[in-house]
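Step one of this worksheet: look at the structure below.
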């Protein structure tokens, strides 16, 4: 496998990891949003099950934050891939026409 294909595969795996971490963050966030307030309500009623819901909610908040940080760190910045950027891409070059100037259908600019 060529060097460029290996780099392409590595970047594809990294993008897939970022997508999965974003999905995990959303799922953990929704789970925390559902369990933590319910656990707090149960704690205000002095029910022991509230502690389990609060603990689960806090674990899900931590998992959500960890997944967000991991997704941000593993994302791939937009760039020209594969290969290196061409620094002379926008550099003007002199015309290859030995007569110089701009010619159209055998006519020279400024000629009659």
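In the working numbering, the protein residues as written are 728 to 839. Even glycine gets a Cβ: it sits at the ideal position worked out from N, Cα and C.
Query, Result
"Proximity below 8 angstroms, CB of residue 777 to CB of residue 769", "yes"
"Three-state class that DSSP yields for residue 820 in the structure shown", "coil"
"Inter-stretch contact at 8 angstroms, needing at least 3 Cβ pairs: the segment 741 to 749 / the segment 796 to 806", "yes"
"Pairwise C-alpha distance: residue 740 and residue 734", "10 angstroms"
"Assigned secondary structure, residue 772 (DSSP; H/G/I helix, E/B strand, else coil)", "coil"
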